[in-house]
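J.: Here it is, the structure, as structure tokens.
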Amino acid sequence: MQIVPLYPESRIQLKKPHPCGNDVFRILRVGSDVRIRCEGCGRDMTLDRLRLERSVKKILNAPSSTSDGKGTSPS
Numbered sequence: 002m003q004i005v006p007l008y009p010e011s012r013i014q015l016k017k018p019h020p021c022g023n024d025v026f027r028i029l030r031v032g033s034d035v036r037i038r039c040e041g042c043g044r045d046m047t048l049d050r051l052r053l054e055r056s057v058k059k060i061l062n063a064p065s066s067t068s069d070g071k072g073t074s075p076s
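The following block contains the structure:
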């Protein structure tokens, strides 16, 4: 099984909606457990990564991988 790339501040759509009716969540923390927050009601929850990866329908937006300038020094 391939690991799904999950990043903090990404928005994901799950296969099943939250009880409030919304199916879009924002990722807050990533590790062996992933903390997500419902975009509809604001409730946050922690799921183990394997369970979350199986329930992801679509990754709506991932943060860009552009450098913020910390690794380069001006000449």
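Using my numbering, you'd call the opening residue of the sequence shown number 2 and step up by one each time.
Every residue gets a Cβ at the ideal spot worked out from N, C-alpha and C, and that includes glycine.
1. Express the C-alpha separation of residue 39 and residue 19 in angstroms, rounding to a whole number.
2. DSSP state of residue 55, grouped into three classes?
3. For residue 62, write down the residues that DSSP places opposite it in a beta bridge.
4. Distance check for residue 46 and residue 57, CA to CA, integer angstroms please.
5. Check whether the Cβ atoms of residue 61 and residue 12 lie closer than 8 Å to each other.
T.: In terms of the structure at hand:
1. As a working mapping, residue 19 is identified with position 18 in the sequence shown. As a working mapping, residue 39 is identified with position 38 in the sequence shown. Distance between the alpha carbons of residue 19 and residue 39 is about 8 Å.
2. For the purposes of this step, residue 55 is identified with residue 54 of the sequence shown, where counting begins at 1. The DSSP-derived three-state label of residue 55 is helix.
3. By one-based count along the sequence shown, residue 62 stands at place 61. The beta-bridge partner set that DSSP reports for residue 62 consists of 12.
4. For the purposes of this step, residue 57 is taken as the residue at position 56 of the sequence shown. For the purposes of this step, residue 46 is taken as the residue at position 45 of the sequence shown. Rounded to whole angstroms, residue 57 to residue 46 spans 15 Å at the Cα level.
5. Mapped onto the sequence shown, residue 61 falls at position 60. Mapped onto the sequence shown, residue 12 falls at position 11. Cβ atoms of residue 61 and residue 12: closer than 8 Å.
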